[in-house]
Amino acid sequence: MRKAAIDDLFRLKAVSRPKASLTGKVAFSVGESFREPHSTQRSAIYVYTKEKGVSRLTSGEWFDREPSFTDGGELLGFLSNRKPQADGSGRTATSLFVLTLEGSNEVWRAPVPGHVEGFEWVSSDSALVVSLDEESVDEARRKAAGFDEEEFENPSRFMSLWYFNAHTLSVKQITKRVQVWEFSSDSRAQSIALTYSTLPFERHWYRAKLGILNTVDGEVKCVYDPGWRQVGAPRISPNGKRVLFTSSLWSDRGSQLGDLHLVSVAEGENINLTGGAPFSVSWAEWFDDDSALFLAQREGESVFFRVEAPDWAPRELKSIMLSVNPQWYPKFTILNREPLEVAFSAQYTATPPELWITGLEETASHPTVVTAFNAPLKEEIEVPRMKFFEWTNDKGQRLTGYLEGLENTGDKSCPLVVHVHGGPTSSVRPAYLSSLGALLASQGYLVFYPNYTGSVGRGSVFAEANRGDLGGQDFKDIMSGVQAIIAEYNVDLGRVYLEGGSYGGFMAMWAATRTNVFAAIAALFGVSDWLSFHGTSNLSDWDELHLDESPYKYARYDASSPIRFVSRVNTPVLLLHGKEDPYVPLGQSLQFYRALSDLGKEVKLVVYPREGHGFTEKPHVKDAYTRVSEWFRTHTRRPRDSESSSTG
696 MRKAAIDDLF
706 RLKAVSRPKA
716 SLTGKVAFSV
726 GESFREPHST
736 QRSAIYVYTK
746 EKGVSRLTSG
756 EWFDREPSFT
766 DGGELLGFLS
776 NRKPQADGSG
786 RTATSLFVLT
796 LEGSNEVWRA
806 PVPGHVEGFE
816 WVSSDSALVV
826 SLDEESVDEA
836 RRKAAGFDEE
846 EFENPSRFMS
856 LWYFNAHTLS
866 VKQITKRVQV
876 WEFSSDSRAQ
886 SIALTYSTLP
896 FERHWYRAKL
906 GILNTVDGEV
916 KCVYDPGWRQ
926 VGAPRISPNG
936 KRVLFTSSLW
946 SDRGSQLGDL
956 HLVSVAEGEN
966 INLTGGAPFS
976 VSWAEWFDDD
986 SALFLAQREG
996 ESVFFRVEAP
1006 DWAPRELKSI
1016 MLSVNPQWYP
1026 KFTILNREPL
1036 EVAFSAQYTA
1046 TPPELWITGL
1056 EETASHPTVV
1066 TAFNAPLKEE
1076 IEVPRMKFFE
1086 WTNDKGQRLT
1096 GYLEGLENTG
1106 DKSCPLVVHV
1116 HGGPTSSVRP
1126 AYLSSLGALL
1136 ASQGYLVFYP
1146 NYTGSVGRGS
1156 VFAEANRGDL
1166 GGQDFKDIMS
1176 GVQAIIAEYN
1186 VDLGRVYLEG
1196 GSYGGFMAMW
1206 AATRTNVFAA
1216 IAALFGVSDW
1226 LSFHGTSNLS
1236 DWDELHLDES
1246 PYKYARYDAS
1256 SPIRFVSRVN
1266 TPVLLLHGKE
1276 DPYVPLGQSL
1286 QFYRALSDLG
1296 KEVKLVVYPR
1306 EGHGFTEKPH
1316 VKDAYTRVSE
1326 WFRTHTRRPR
1336 DSESSSTG
């Protein structure tokens, strides 16, 4: 076997979260995590049954994803980019497609207008679909007449809910001028729970509420307002009387681990079922009207629980040492009710992503892997193992994270790289070929993944503890972890590095202004100035919520912005950024680069065209990882710089 290389990352198949029908059919997609230039990712739809195993249903020529069967399994719906946009640009729009499994196996497009974001079957031939509104007739006429100016934050297009009948091919719009972020229907499509906002821009997701939709008049009744927290993953009971959902302070739409709440639709009474628990809930599925299953992350474990009336107290069913996918929003599907079985996609440090099944009864055996999409890669390469690591911070608090590449330690000292995860309300869990970190470990580095204050996996109290303290306790946690590793392992003190993206990119810039411990730093699409972030990001509510301060009071924004402390920087800094990033605009790296350059500091900035928040084109990913590796390889710290200048 050989060591992992960058091209192996492109061969790794991503296995999506599965959806099961009542007849035992499990639908899921398998495809690429990265794409070729000027194209989209590609993935195919598969089905698994215990009787027939795995079968492929679509070719993989397009980006087919999020498949779901009707309860009887006669129809399969999925999202795809097969239909070109009508504007002649060559770009593709995402639509809902339906595959008829009986007879012809015909694939046809559902006539739901706009860009489809999601759907849910509500009967054997009907679905609810959420779709981004098409431009108005007036807007289309103006463009046709040659007018191409755009009014900033003009609330003309919402993500609306539609009713679609696959038998009659009829569609009906249910909501208008309400932004539907997520939804869940009861068994009769008479009561629909949704997270919604009254304005459609990405920043308004941070102010979303939980509501119940009246399907007759399209009005939405608010049943829970989370205040400065966020709300997500609504799951309404089959009879429409109760809604389960998660809530906490979150960083990103689609990364929504928090406390599990239960609200009564009629009375509006809300109960936090897991408040104060040492785990973070990601997803729930109703078993029947009076009981449900939910999945939680408890540090490195994935844990299944059950709640049921009348007390709704969580009862642990099974803990597994697998990282359920998606990594940022783990989900599962109920495969069988008797005996109780669930299906999910998962991976671990030496186990690539595959489809898994496990029983949740007391007598059930260990989880079973039922696919082998990544078996050829696993047999060919040797990947570094991730090991659980504990340390104590400056407050005496126990913290956890992971070390990768321990085989590189020993009599000879080895270099150390600190990888700071984004979010901050996210975490690092054991993963197979975990992108840059695994590649650096394969090159001889010891890689440290700290789950610092503000991370998920230890409950909402821990996840929310860095609100108003960005770059404070979380940075101290990271530095105390570095010191603990140096005390335990043979680390080359002249070759200690730090890298991170998004919030991790902010922390990388922040570290450059706080300490001289690192020989070099790489900051990927990070924030350097919270005030200009507020003015230019499409997430302009993010900073106010996480800094717990108005941007126009300035003090806390200035105190938490690396740009205000650039004169302290002595560490070489590499900046990498996507040119089209709407979340953390390119200007954040431009500002930091200009300041460091003007002051004569060692800095390099690389900008990637067509990339948003994170890099997806294969040549860009390869270039970025190669540059970070080379940046670290060519920088060592001189002995006179060995003392930290941290100011906390």
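Start counting the sequence shown at 696; every next residue gets the next number (my numbering). The beta-carbon is built from N, C-alpha and C at its ideal position, and this holds for glycine as well.
In this structure, the beta-carbon distance from proline 1119 to serine 1155 does not fall below 8 Å.
In this structure, the straight-line span from the alpha carbon of glutamate 962 to that of glycine 935 is close to 13 Å. Its Cα nearest to that of glycine 1295, the residue Asn1265 stands out among Met1204, Asn1265, Val1212. At least 8 Å separates the beta-carbon of glycine 1167 from that of leucine 1094.
In chain order, Gly995, Ser1018, Tyr1043, Thr1044, Met1081, Tyr1097 place their CB closer than 7 Å to the CB of proline 1125, counting only its own chain and leaving out the 5 sequence neighbours on each side.
The DSSP-derived three-state label of methionine 1204 is helix.
Going by beta carbons, glycine 1196 and phenylalanine 1170 fall outside the 8 Å limit. Counted as a single uninterrupted DSSP element, the beta strand (DSSP E) harbouring methionine 1081 occupies residues 1081-1087. Beyond the five residues adjoining it in sequence on each side, glutamine 1286 comes within less than 8 Å, by CB distance, of Ser1223, Asp1224, Ser1227, Ile1258 in the same chain, given in chain order. Taking a cut-off of 8 Å for Cβ pairs, the region 1272-1291 and the region 982-995 do not touch, as fewer than three such pairs fall below it. Distance between tyrosine 743 and threonine 1329, taken at the CA atoms: about 49 Å. Here leucine 707 carries a coil assignment [DSSP, helix/strand/coil]. Distance from the CA atom of glycine 922 to the CA atom of tyrosine 1024, rounded to whole angstroms, is 22 Å. Under the DSSP assignment, threonine 1231 falls in the alpha helix (DSSP H) whose first and last residues are 1225-1231.
DSSP, reduced to helix, strand and coil, places lysine 1171 within a helical segment of the structure shown. Burial state of alanine 972 is buried, judged by a 10 Å Cβ sphere holding 16 or more other Cβ atoms.
When C-alpha distances from lysine 714 are compared across Ile1052, Thr1058, Phe999, Glu1244, the shortest belongs to Ile1052. In chain order, Leu707, Lys708, Ala709, Val710, Asn1020, Ser1040, Ala1041, Gln1042, Phe1068, Asn1069, Tyr1127 place their CB closer than 8 Å to the CB of proline 1048, counting only its own chain and leaving out the 5 sequence neighbours on each side.
With respect to arginine 1322, leucine 1269 sits close: the two C-beta atoms are nearer than 8 Å. Each of Ser986, Arg737, Lys720, Leu1135 was checked against the Cα of glutamate 746, and the nearest Cα belongs to Lys720. The alpha carbon of alanine 722 has as its nearest neighbour, out of Leu771, Pro933, Ser754, the alpha carbon of Leu771. The three-state secondary structure of aspartate 983, taken from DSSP, is strand. In terms of Cβ geometry, alanine 987 and proline 929 do not form a close pair [threshold 8 Å]. Approximately 15 Å separates the beta-carbon atoms of valine 915 and tryptophan 857; this is outside 8 Å, ruling out the contact. Within the region 1066-1139, the complete beta strand (DSSP E) segments of 3 residues or longer fall at 1081-1087, 1093-1099, 1109-1115, listed in chain order. A straight-line Cα-Cα distance of about 6 Å links serine 750 and tyrosine 741. Straight across, the Cα-Cα distance linking threonine 765 with aspartate 759 is about 17 Å. Between valine 958 and valine 926 the beta-carbon gap is near 10 Å, outside 8 Å, which marks them as no contact. For arginine 1333, the secondary structure class from DSSP, reduced to helix, strand or coil, is coil. Note on geometry: alpha-carbon atoms of histidine 862 and isoleucine 1029 lie some 27 Å from one another. Contiguous beta strand (DSSP E) elements confined to the region 897-982 occur at 904-909, 915-919, 925-931, 937-943, 954-959, 965-967, taking only those with 3 or more residues. For glutamine 874, the uninterrupted beta strand (DSSP E) segment begins and ends at 874-880. With a cutoff of 8 Å on beta-carbon distance, tyrosine 1144 and histidine 1116 are scored as near each other. Closest option to serine 1232, judged by alpha-carbon separation, among Trp1205, Arg1001, His899: His899.
A Cβ-Cβ separation of about 20 Å leaves glutamine 874 out of contact with phenylalanine 859 under the 8 Å criterion. If you look at glycine 1282, you'll find it in the alpha helix (DSSP H) that goes 1282-1293.
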